[in-house]
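S.K.: Top to bottom, those sequences are chains H and F.
Numbers 23 to 254, taken from my numbering, label the letters of the first sequence in order.
Numbers 23 to 254, taken from my numbering, label the letters of the second sequence in order.
Beta carbons are placed, not taken as given, at the ideal position from N, Cα and C, and that holds for glycine.
One structure follows; several queries about it will come next.
2 protein chains.
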Amino acid sequence: MKPEESKPDGLQPAGAFSESERAAVYRAIRERRDVRSQFQPDSIADDVLMRILGAAHDAPSVGLSQPWNFIVIRDATIREEVRQSFERANGEAEQMFSGARRTLYSELKLQGIRDAPVNLFITCDRERGGPTVLGRTHNRDTDLYSTVCAVQNLWLAARAEGIGVGWVSIFHDSDLRRIFALPDHVVPVAYLCLGHVSELYESPELELRGWGRKTPLEEMIFADRWGERPEG
Amino acid sequence: MKPEESKPDGLQPAGAFSESERAAVYRAIRERRDVRSQFQPDSIADDVLMRILGAAHDAPSVGLSQPWNFIVIRDATIREEVRQSFERANGEAEQMFSGARRTLYSELKLQGIRDAPVNLFITCDRERGGPTVLGRTHNRDTDLYSTVCAVQNLWLAARAEGIGVGWVSIFHDSDLRRIFALPDHVVPVAYLCLGHVSELYESPELELRGWGRKTPLEEMIFADRWGERPEG
């Protein structure tokens, strides 16, 4: 019997979305920003938080392993510990740049740990699903990739809810492990700051501040093999 | 001068989406599936393909490094090479399971490389942005994470366009490197099969086929520290 002949029930019609639905999806993708400075102090309602966590949990996961966990942080003392850990790592990071680049780096605000009313720490359990996970047999990092898919789902849902999200990545993993008492087999993936926003930048903040520029899409595309440009 | 005082222009109003826009974003997230068997043979129009690649390119990237490239594969010979590489790895994978699990594994269709009219290979250039990338100073893998954000953006945009996407991860990296002539500093992240679909499963196919089950969201959530359950 071929697999095609043993389809389970559960198939349902699934064509393209309506014009307005499509526009909404692209709007979320286009307007999503990495937020550091625009957080408003008001708390996030539980139902909103559960909806965006639900979006994260709807992410694809390798072998349906769902390797993520969501640590919701409202405790001010813990956030302060995290902020200090960031400051230490960020001081080290600054020293890795020189000249005008270092000056510009030092002027960038790269986190909103204290300003954002909710912080969210998303982890990946590298033993989730047991020793052999379907689809992870030849690339062990696909569980991390699944967890990142959950982050991106949440980020887009948050945009639709008027919630800004900032991903803070300048930490020593060992600090996060200690602060949150992670078991050895669980690894940090994303430390996020969340809060309502009423304004966002129209382009990536790093572009507006002159740190970098967005590359035209066409330059990213190859045809059939690395380095081969498509015709037309 | 504090960074807050040197805001560039470009801030614009950004509240919550309308009810119907929010519903569209959640619909894309909820209805997105990992597609293996539902591809229709008709080709994907260039403008549709460019829109979903544009969604990928709108992903967040560490330090605005945009480490991704998109190799669009229509060539049948290359797809056949990729399929053979998959078959070899998948035969190895099957042997890693035993008993009823192996039987079920062998009955699953885990790729649509030949059925899908377009394949898309998304890579990560680990040298993009130079030796020191803002935000990547303490976690070198954040460039891979950025690339996965691009994958998830594309996946959701594709759902809105009526395009199904399947992520095939059962390969030896060395095969993909050889087939696509990747430079050493470029790594495979996602090999995707794309095509129009007219029906999709209402739940993850692996759940419908009895391979696994979706965990309730509540079991994924902790408060403030690993292992601590939120109240209420």
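Using the beta-carbon count (16 or more within 10 Å), is R200(H) buried or exposed?
M.R.: The residue given as residue 200(H) occupies position 178 in the first sequence. That one is exposed.
S.K.: Taking only three categories from DSSP, how would you classify A245(H)?
M.R.: By 1-based counting over the first sequence, the position of residue 245(H) is 223. DSSP places A245(H) in strand when its eight states are reduced to three.
S.K.: Whose C-beta lies closer than 8 Å to the C-beta of G113(F) among residues of the same chain, with five residues either side of it excluded?
M.R.: Indexing the second sequence from 1 puts residue 113(F) at position 91. Excluding sequence neighbours, G113(F) sits near nothing in its chain.
S.K.: Thinking C-alpha only, which one of S87(H), A38(H), L204(H), I144(H) is nearest P153(H)?
M.R.: As a position in the first sequence, residue 153(H) is number 131, starting the count at 1. Per the Cα distances, S87(H).
S.K.: Within 10 Å of its beta-carbon, does S168(F) have 16 or more other beta-carbons around it, so buried, or fewer, so exposed?
M.R.: Looking up residue 168(F) in the second sequence gives position 146. That one is buried.
S.K.: Are three or more beta carbon pairs between the segment 33-48 of chain F and the segment 139-151 of chain F nearer than 8 Å?
M.R.: Output reads no: the segment 139-151 of chain F does not touch the segment 33-48 of chain F.
S.K.: Closest to D137(F) by CA distance: which of T164(F), A245(F), R101(F) is it?
M.R.: Taking the first residue of the second sequence as 1, we reach residue 137(F) at position 115. The shortest Cα separation from D137(F) among T164(F), A245(F), R101(F) belongs to R101(F).
S.K.: Given T159(H), which residues of its chain have a CB within under 7 Å of its CB, disregarding the five upstream and five downstream residues?
M.R.: To locate residue 159(H), count along the first sequence from 1; it is residue 137. Answer for T159(H): no residue qualifies.
S.K.: Ignore the nearest five residues each way along the sequence and tell me which others in V11(F)'s own chain have a CB closer than 8 Å to its CB.
M.R.: What is shown of chain F runs 23 to 254, which leaves residue 11(F) out entirely.
S.K.: Provide the residue(s) that pair with E183(H) in DSSP beta bridges, ordered along the chain.
M.R.: Here the question's residue 183(H) lines up with position 161 in the first sequence. DSSP, once it has assigned bridges, lists no residue as partnering E183(H).
S.K.: Examine chain F for any beta-carbon lying closer than 8 Å to the beta-carbon of A138(H), and answer yes or no.
M.R.: Counting from 1 along the first sequence, the entry for residue 138(H) is found at position 116. A138(H) does not count as touching chain F.
S.K.: Output yes or no for whether 8 Å exceeds the beta carbon distance between V187(F) and I144(F).
M.R.: For the purposes of this step, residue 187(F) is taken as the residue at position 165 of the second sequence. For the purposes of this step, residue 144(F) is taken as the residue at position 122 of the second sequence. Against a cut-off of 8 Å, the Cβ pair of I144(F) and V187(F) comes out as no contact.
S.K.: Among residues of its own chain, excluding the 5 on either side of N175(F), which ones have a beta-carbon nearer than 8 Å to its beta-carbon?
M.R.: By one-based count along the second sequence, residue 175(F) stands at place 153. Closer than 8 Å at the Cβ level, and outside the excluded window around N175(F), lie A77, A78, D80, A81.
S.K.: Return yes when the Cβ of L216(H) is within less than 8 Å of the Cβ of A182(H), no when it is not.
M.R.: Position 160 of the first sequence, counted from the start, is the residue given in the question as residue 182(H). Position 194 of the first sequence, counted from the start, is the residue given in the question as residue 216(H). For A182(H) and L216(H), no; Cβs fall outside 8 Å.
S.K.: So, helix, strand or coil for G121(F), using DSSP?
M.R.: Counting from 1 along the second sequence, the entry for residue 121(F) is found at position 99. Helix, per DSSP.
S.K.: Buried or exposed: where does Q117(F) fall if 16 or more other Cβ atoms within 10 Å of its Cβ makes it buried?
M.R.: The sequence position of residue 117(F) within the second sequence is 95, counting from 1. So Q117(F) counts as exposed.
S.K.: Thinking W248(H) and L71(F) are a contact (beta carbons under 8 Å), I'd like their distance in whole angstroms, please.
M.R.: In the first sequence, the residue the question calls residue 248(H) occupies position 226. In the second sequence, the residue the question calls residue 71(F) occupies position 49. Going by Cβ atoms, the distance from W248(H) to L71(F) rounds to 19 Å, so no, they are not a contact pair.
S.K.: Would you mind reading off the limits of the alpha helix (DSSP H) that contains I51(H)?
M.R.: The residue given as residue 51(H) occupies position 29 in the first sequence. I51(H) -> alpha helix (DSSP H) spans 41-53.
S.K.: Which residue comes first and which comes last in the beta strand (DSSP E) that contains H218(H)?
M.R.: One-based indexing of the first sequence puts residue 218(H) at position 196. Taken as a continuous stretch (DSSP letters only), the beta strand (DSSP E) holding H218(H) covers 208-218.
S.K.: What residue range does the alpha helix (DSSP H) around G70(F) cover?
M.R.: The residue given as residue 70(F) occupies position 48 in the second sequence. The sequence shown places Val at residue 70(F), rather than the Gly named in the question. Counting along the chain, the alpha helix (DSSP H) containing V70(F) begins and ends at 68-79.
S.K.: Which first and last residues belong to the beta strand (DSSP E) in which E221(H) is found?
M.R.: The residue given as residue 221(H) occupies position 199 in the first sequence. Segment 221-223, the beta strand (DSSP E) holding E221(H).
S.K.: Which residues does DSSP list as the beta-bridge partners of F92(H)?
M.R.: The residue you call residue 92(H) lines up with position 70 of the first sequence. DSSP output for F92(H) lists I144(H), I243(F) as bridge partner(s).
S.K.: According to DSSP, is V190(F) part of a helix, a strand, or is it coil?
M.R.: Residue 190(F) sits at position 168 when you count from the first residue of the second sequence. It is a strand residue.
S.K.: Less than 8 Å between CB atoms is the rule here; does F61(F) satisfy it with respect to chain H?
M.R.: Position 39 of the second sequence, counted from the first residue, corresponds to residue 61(F). Cβ-Cβ to chain H under 8 Å: no for F61(F).
S.K.: What does the Cβ neighbour count give for A115(H), buried or exposed, with the cut at 16 atoms within 10 Å?
M.R.: Sequence index remark: in the first sequence, residue 115(H) carries index 93 (1-based). With 16 or more Cβ atoms within 10 Å of its Cβ, A115(H) is classed as buried.
S.K.: Compare the C-beta of I135(F) against all C-beta atoms of chain H and say whether one is closer than 8 Å.
M.R.: Numbered from 1 along the second sequence, position 113 holds the residue referred to as residue 135(F). Chain H contact via Cβ: absent.
S.K.: Please work out which residues of its chain come closer than 8 Å, Cβ to Cβ, to A245(H), disregarding the five sequence neighbours upstream and downstream, and give them in chain order.
M.R.: The residue labelled residue 245(H) in the question sits at position 223 within the first sequence. These residues qualify, in order along the chain: R251, P252, E253.
S.K.: Roughly how many whole angstroms lie between the Cα atoms of Y48(F) and L239(F)?
M.R.: For the purposes of this step, residue 48(F) is taken as residue 26 along the second sequence, with counting starting at 1. For the purposes of this step, residue 239(F) is taken as residue 217 along the second sequence, with counting starting at 1. Rounded to whole angstroms, Y48(F) to L239(F) spans 16 Å at the Cα level.
S.K.: Give the secondary structure of L126(F) by DSSP, where H, G and I count as helix, E and B as strand, and everything else as coil.
M.R.: Within the second sequence, residue 126(F) is the residue found at index 104, counting from 1. It is helical.
S.K.: Name the residue from L130(H), A45(H), E43(H) whose alpha carbon lies nearest to the alpha carbon of G232(H).
M.R.: Counting from 1 along the first sequence, the entry for residue 232(H) is found at position 210. Among L130(H), A45(H), E43(H), the Cα nearest to that of G232(H) is on L130(H).
S.K.: If you draw a straight line from the C-alpha of K236(F) to the C-alpha of V140(F), how long is it?
M.R.: For the purposes of this step, residue 236(F) is taken as the residue at position 214 of the second sequence. For the purposes of this step, residue 140(F) is taken as the residue at position 118 of the second sequence. If you take the alpha carbons of K236(F) and V140(F), they lie about 30 Å apart.
S.K.: Measure the Cβ-Cβ separation of N91(F) and M242(H) and say whether it is below 8 Å.
M.R.: Sequence index remark: in the second sequence, residue 91(F) carries index 69 (1-based). Sequence index remark: in the first sequence, residue 242(H) carries index 220 (1-based). Yes. Within cutoff.
S.K.: Could you please give the first and the last residue of the uninterrupted beta strand (DSSP E) stretch that includes L33(H)?
M.R.: Residue 33(H) sits at position 11 when you count from the first residue of the first sequence. Here the beta strand (DSSP E) through L33(H) covers 33-35.
S.K.: Among residues of its own chain, excluding the 5 on either side of F39(H), which ones have a beta-carbon nearer than 8 Å to its beta-carbon?
M.R.: Walking along the first sequence from the start, residue 39(H) turns up at place 17. Excluding sequence neighbours, F39(H) sits near V47.
S.K.: Which whole-angstrom value describes the C-beta separation of H194(H) and S65(H), a residue pair presumed to lie in contact below a C-beta threshold of 8 Å?
M.R.: Numbered from its first residue, the first sequence carries residue 194(H) at position 172. Numbered from its first residue, the first sequence carries residue 65(H) at position 43. Actually they are not in contact, since the Cβ atoms of H194(H) and S65(H) sit about 29 Å apart, beyond 8 Å.
S.K.: Any beta-carbon of chain F closer than 8 Å to the one on K192(H)?
M.R.: The residue given as residue 192(H) occupies position 170 in the first sequence. A quick correction: the sequence has Ile, not Lys, at residue 192(H). So yes, I192(H) belongs to the interface.
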